Amino acid sequence: MTQIPAPVSKLTGTVSTDTARLGTRANLDKAGEQFEAIFTKMMLSSMRKAKLADSLFESQALDQFRDMQDQKLAENMAAHTPIGIGKAMTEFLAKAGSVADAPATPPEGKPE
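Heads up: the sequence shown begins at 24 in the numbering used here, then just goes up one per residue.
Below, the structure is given as structure tokens:
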């Protein structure tokens, strides 16, 4: 009787140890923007939970739609009108020396 070999996972042991791409200023800036979007989304969610009155039309679908709307709003706010927490985090990490000293690229239309 022949034995059938166990299926080999293609992902086993293929974790990349190359972290050079993680240390660029562009990646750090993008992470700062995403962090700001998450922070803003959490803030919007907290404000939604603090209801001042019950609305006439409440449903789970409406809550889900508002959640998706808040997510897009938070992403747009972080990209176009940031409150500054992402930039503060980015600058702190850049000063800590975890990023290659590549010049930061300012957002389009915004001088540094």
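For each residue, glycine too, the CB sits at the ideal point set by N, CA and C.
None of the values given here were measured: they were computed from a predicted structure.
My output table needs one value for I106: the three-state DSSP class, helix, strand or coil.
Within the sequence shown, numbered from 1, the residue matching residue 106 stands at position 83. Reduced to three states, the DSSP call for I106 is coil.
Identify whether L79 lies in helix, strand or coil by the three-state DSSP scheme.
Locating residue 79 in the sequence shown gives position 56, counting from the first residue. Coil, per DSSP.
Residue range of the alpha helix (DSSP H) that T63 falls in?
For the purposes of this step, residue 63 is identified with residue 40 of the sequence shown, where counting begins at 1. From DSSP, the alpha helix (DSSP H) with T63 extends over R48 to K72.
Find the nearest neighbour of P105 within the set R71, Q92 and D52, judged by alpha-carbon distance.
Residue mapping note: residue 105 aligns to position 82 of the sequence shown, counting from 1. The shortest Cα separation from P105 among R71, Q92 and D52 belongs to D52.
Leaving aside the five residues before and after T113 along the sequence, list all residues of the same chain whose C-beta is less than 7 Å from its C-beta, in chain order.
The count along the sequence shown starts at 1 and reaches residue 113 at position 90. Correct list, in chain order: L51, D52 and G55.
Can you grab the Cα-Cα spacing for the pair S11 / D93, in whole Å?
The structure shown has nothing for residue 11, since the chain only spans 24 to 135.
Residue from I108, F115, L116 and D90 whose Cα sits closest to the Cα of Q57:
Translated into the one-based positions of the sequence shown, residue 57 becomes position 34. Considering only alpha carbons, the answer is I108.
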